[in-house]
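Report on the following structure.
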Amino acid sequence: MSIIIISSDSYEKGEEIAHNAARALNYACLDRELLAVVAARYGIPQDRLEWALESSPSSWGRSARLQDRCLAYMQSTTLGELLKDNTVCHGLAAHLYVVGISHALRVRILAEPVELAGEISGQVDVPSERVSKLIDRQRKLRQHWSLTHYQLDETDPSQYDLVISLSQIHKDEAIKIIAQTVGYRRFAPMTYSLRCIKDAELASRVRAALLETFPKVKVRAEGGTVIVETKGTRRNKLKKAAAIKEQVQNMEGADYVEVHVKNGLFRKTP
Amino acid sequence: MAIITISRGSYSKGKEVAEKVAARLGYECISREVLLDASDRFNIPEVRLIRAIHDAPSILDRFSHGKQAFMAYIRYALACRAQKDNLVYHGLAGHLLLMGIPHVLKVRVIANLGDRVKSEMSREKISEEEARSLILRDDQERRKWTRSLYGLDPWDSALYDLVLHIHKLTVDDAVAFICEAAKLKQFESTPETRRKMDDLVTACEVKALLADEYVDVRVACEFGNVLIYTKSGGRLQHKLQESARKLGREIKGIHHVEVHPGVPAPAQAV
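So the sequences go chain by chain: A and B. At the far end of the first sequence sits residue 270, using my numbering, and the numbering has no gaps. At the far end of the second sequence sits residue 1270, using my numbering, and the numbering has no gaps.
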């Protein structure tokens, strides 16, 4: 009755291991097929969602905001699915937002370097001197991406419970290790960890709903109480707080809404 | 029948894991013993070897190359121990010193900074701030050391087969994982891997005996054929060729020695 979150430097390898682990444990597998659901729910083309997951963060305002929104929509939908438990999740950046949930086992899979370089460059035979350069560049891009959007470095091993390199350890052995680990009692859901994931799902759902109108909004939830933080000028403070409250109070699971509008430097600040 | 290297930060419980793994598998568990061996064999005070393996090279060290000679002694001592097989090494840089040997299981054990700080506080009876600063300084030193000598980052998970995070996973879980991984076929020593190990020992011995006099020398060995690479030419080159021939006669297991001046050394050269 747990969640397994698989992150990998190679999408293909991560996907294969996630599917096989789900099959071995009789769990559901959540992957990028979910993007079709997100696209339909929020009216965003699916290729835009994929772009948000893969592309390095843009420094241009509109593009950056769109990427933020796409990621927030994905986060909200993924967390909604993860409430169901017994799920293996891969390819949706869940390792960066399912944090502090004790029944989630977070695993990083590292592909064999030559295979990974081939995958990155789209070539079958990559010259050995290019292998480390390609991998290094890819790692820096992912570091930048994850730090910009989630303030976490996805290449940092301390973000995971387990990191398995496929250079020497075979895929089937990796799956066996994952299956064994998730069976430990400490990865079983508890009342507190279930409450934490419910709170995370509610907060992400509220944020996804507010993001189009209030792009810099921060949301957290504590057992049905939703706390929203944003910036505004003195003149529009009350108006803004009322607008947010009105939008959030009828959402499912939100029993009480608290809005904190801090003074922004410029009038335009949303 | 494997060699296990356990890399760890200070207060990451890596030592405890190593000792338990060795006890469960009936392997020898070593760390400081390698320094004592090197100290005896090359008649260098242990404290100088400790400094060489612990502190990052200073600007002066970069010119004098003293640290590289000490590292060659330590590498030779470790290779000799590893040649006997069935070994758990939890000292510094094991994964780098035994690089290229297929039956070495490379493990990194990490722990949360908060847990490490607590351990240091209770052991050293110091404040939280002091403990945190000591641990961070130690981590920084380790990073600088690996970068300056090997151009690699010890935090890079790709250097290891397994990275285990002691937080949700306990020491006993980590021990169970390592013991199971060590039993995998790919970590069993075979005549081929043992031959590679013998070649590494020979290359390390030649390097250790030359390192004091010839600073830029790198050595590779295959099937007992030793190849020495050097950037220096002229008189020093003739002297090196003379020394190499002498070593070829003195060291058991060397069939042939060649000196290649001005040729870039291959990646497996020590």
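Beta carbons are placed, not taken as given, at the ideal position from N, Cα and C, and that holds for glycine.
In its own chain, which residues sit with a C-beta less than 6 Å from the C-beta of residue i, not counting the 5 before and 5 after it?
i, result
"residue 1221 of chain B", "1199, 1202, 1203"
"residue 1157 of chain B", "1163"
"residue 230 of chain A", "214, 217, 261"
"residue 1262 of chain B", "none"
"residue 112 of chain A", "166, 167"
"residue 97 of chain A", "75"
"residue 10 of chain A", "111, 116, 119"
"residue 1000 of chain B", "Residue 1000 of chain B is absent from the model: chain B starts at 1001 and stops at 1270."
"residue 14 of chain A", "6, 8, 90, 109"
Can you check which of these residues, the options, is closest to residue i by C-alpha distance?
i, options, result
"residue 169 of chain A", "B:1172, B:1176, B:1161", "B:1161"
"residue 181 of chain A", "A:248, A:107, A:250", "A:107"
"residue 1026 of chain B", "B:1088, B:1259, B:1040", "B:1088"
"residue 1143 of chain B", "B:1188, B:1093, B:1118, B:1120", "B:1093"
"residue 161 of chain A", "A:102, A:65, A:89", "A:102"
"residue 84 of chain A", "A:250, A:128, A:4, A:237", "A:4"
"residue 1019 of chain B", "B:1090, B:1050, B:1086", "B:1090"
"residue 1213 of chain B", "B:1130, B:1138, B:1241, B:1224", "B:1241"
"residue 273 of chain A", "A:202, A:263, A:79", "What the structure shows of chain A is the stretch from 1 to 270, and residue 273 of chain A is not part of that stretch, so it cannot be assessed."
"residue 1223 of chain B", "B:1192, B:1210, B:1076", "B:1192"
"residue 273 of chain A", "A:91, A:79, A:12, A:73", "With chain A represented from 1 up to 270, any question about residue 273 of chain A goes unanswered, as that position is not in the structure."
"residue 1030 of chain B", "B:1113, B:1133, B:1115, B:1078", "B:1078"
"residue 1024 of chain B", "B:1036, B:1205, B:1037, B:1004", "B:1004"
"residue 141 of chain A", "A:130, A:126, A:120", "A:120"
"residue 1054 of chain B", "B:1182, B:1211, B:1141", "B:1141"
"residue 1052 of chain B", "B:1067, B:1123, B:1254", "B:1067"
"residue 1095 of chain B", "B:1245, B:1251, B:1159, B:1076", "B:1159"
Run down chain B in chain order and give the residues with a C-beta less than 8 Å from the C-beta of residue i.
i, result
"residue 274 of chain A", "As displayed, chain A neither begins before 1 nor continues past 270, which places residue 274 of chain A out of reach and without an answer."
"residue 66 of chain A", "Here the premise fails: no neighbours, minimum Cβ distance about 32 Å."
"residue 113 of chain A", "1158"
"residue 169 of chain A", "1161, 1162, 1181, 1184, 1186"
Along chain B, in chain order, which residues have C-beta atoms closer than 7 Å to that of residue i?
i, result
"residue 173 of chain A", "1184"
"residue 247 of chain A", "What residue 247 of chain A touches in chain B: nothing, since even the nearest Cβ is about 37 Å away."
"residue 17 of chain A", "Residues of chain B passing the Cβ test: none, with the nearest at roughly 15 Å."
Near residue i, which residues of its chain fall below 7 Å by C-beta distance, leaving aside the five closest residues on each side in sequence?
i, result
"residue 1174 of chain B", "1017, 1109, 1164, 1166"
"residue 196 of chain A", "100, 101"
"residue 255 of chain A", "224, 225"
"residue 29 of chain A", "18, 19, 22, 88"
"residue 1177 of chain B", "1162, 1164"
"residue 1139 of chain B", "1009"
"residue 1128 of chain B", "1117, 1121"
"residue 1209 of chain B", "1247"
"residue 1112 of chain B", "1167"
Report the neighbours of residue i on chain A: residues whose CB is nearer than 9 Å to its CB, in chain order.
i, result
"residue 1169 of chain B", "161, 162, 181, 184, 186"
"residue 1177 of chain B", "162, 177, 180, 181"
For residue i, which residues from the same chain have a beta carbon less than 8 Å from its beta carbon, with the 5 sequence-adjacent residues on both sides left out?
i, result
"residue 1218 of chain B", "1207, 1228, 1229, 1230, 1265, 1269, 1270"
"residue 179 of chain A", "21, 24, 25"
"residue 268 of chain A", "Note that residue 268 of chain A scores a pLDDT of 49, beneath 50, so its modelled location is shaky; the value from the coordinates is reported in the next line. So the list is empty, once near-sequence residues are dropped."
"residue 174 of chain A", "17, 109, 164, 166"
"residue 1186 of chain B", "1102, 1103"
"residue 258 of chain A", "225, 226, 227, 228"
"residue 1196 of chain B", "1100, 1101, 1102"
"residue 129 of chain A", "none"
So which residues on chain A does residue i lean against when the C-beta distance must stay under 8 Å?
i, result
"residue 1110 of chain B", "157, 158"
"residue 1173 of chain B", "181, 184"
Report the neighbours of residue i on chain B: residues whose CB is nearer than 9 Å to its CB, in chain order.
i, result
"residue 108 of chain A", "1157, 1163"
"residue 4 of chain A", "Neighbours of residue 4 of chain A on chain B: none; closest Cβ ~13 Å, over 9 Å."
"residue 120 of chain A", "Going along chain B, no residue has its Cβ under 9 Å from residue 120 of chain A, so there is no contact; the nearest lies around 14 Å."
"residue 340 of chain A", "Residue coverage of chain A in this structure runs from 1 to 270, which leaves residue 340 of chain A outside it and unanswerable."
"residue 102 of chain A", "1168"
"residue 165 of chain A", "1106, 1157, 1158, 1159, 1160, 1161, 1162, 1163"
Runs of alpha helix (DSSP H) lying entirely within the segment 41-127 of chain A, each at least 4 residues, in chain order: 46-54, 61-82, 113-121
Beta strand (DSSP E) segments (min. 3 residues) lying fully within the segment 1074-1130 of chain B: 1087-1089, 1104-1111
Every unbroken beta strand (DSSP E) within the segment 1127-1178 of chain B, with a cutoff of 3 residues, ordered by chain: 1162-1166
The segment 1225-1232 of chain B touching the segment 1251-1267 of chain B, judged by at least three CB pairs closer than 8 Å: yes
Within the segment 1222-1257 of chain B, ranges of the beta strand (DSSP E) (whole runs, at least 3 residues): 1225-1230
Any 3 or more C-beta pairs closer than 8 Å across the segment 1145-1152 of chain B and the segment 1040-1051 of chain B: no
The segment 1004-1018 of chain B / the segment 1170-1184 of chain B touching (three or more Cβ pairs under 8 Å): yes
Cβ contact check for the segment 135-149 of chain A and the segment 49-58 of chain A: 3 or more pairs under 8 Å: yes
Complete beta strand (DSSP E) runs within the segment 1021-1052 of chain B (minimum length 3 residues, chain order): 1028-1030
Contained alpha helix (DSSP H) runs [length at least 4] in the segment 1175-1213 of chain B, N- to C-terminal order: 1191-1211
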